[in-house]
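Here the sequence shown stands for residues -11 to 69, where the numbers follow the working numbering. Right, one structure below, let's go through it.
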Amino acid sequence: MNQVITLPQSMLERLDKVAQGSHMKPEAIIKQAVADRLDYEEWLLEQVDAGLAEIKAGKGIPHTEFMKRVGASPNARKKAA
């Protein structure tokens, strides 16, 4: 199944530059980029699901306990901003 996507001109220019420098066809670069992103997103979803399963199994700790263990103040982010 073929699909058509529209890319901004600036992205097309970057793609052409990379294609020339790597001696790869732009289509091959796009396919690899999409495949890499899909691999990452699938891995990330697996990690999130595994983490949620651990929490449901009672293996998690409350946020305040985590912050104590790593030695961070609960308001550290507010102070940094």
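Note that CB positions come from ideal geometry on N, CA and C, so glycine has one too.
Residue range of the alpha helix (DSSP H) that includes residue i
{"i": "threonine 52", "result": "51 to 58"}
{"i": "leucine 3", "result": "-3 to 10"}
{"i": "valine 36", "result": "14 to 44"}
Proximal residues to residue i (C-beta, below 7 Å), its chain only, five neighbours per side dropped
{"i": "alanine 21", "result": "none"}
{"i": "aspartate 24", "result": "none"}
Distance between residue j and residue i (C-alpha atoms, nearest Å)
{"i": "leucine 33", "j": "proline 50", "result": "22 Å"}
{"i": "lysine 9", "j": "leucine 40", "result": "For clarity, residue 9 is glycine in the given sequence; the question names lysine instead. If I take the Cα positions, the gap works out to 43 Å."}
Residue i versus the options, residue with shortest Cα-Cα distance
{"i": "isoleucine 18", "options": "Val36, Trp31, Thr(-6), Ala41", "result": "Thr(-6)"}
{"i": "valine -8", "options": "Glu15, Gly59, Gly9", "result": "Glu15"}
Same chain only: Cβ atoms within 8 Å of residue i, ignoring 5 sequence neighbours per side
{"i": "histidine 11", "result": "none"}
{"i": "lysine 13", "result": "Ala7"}
Any C-beta of chain B under 8 Å from that of residue i
{"i": "glutamine 20", "result": "Although the question refers to chain B, the structure presented lacks it and comprises just one protein chain."}
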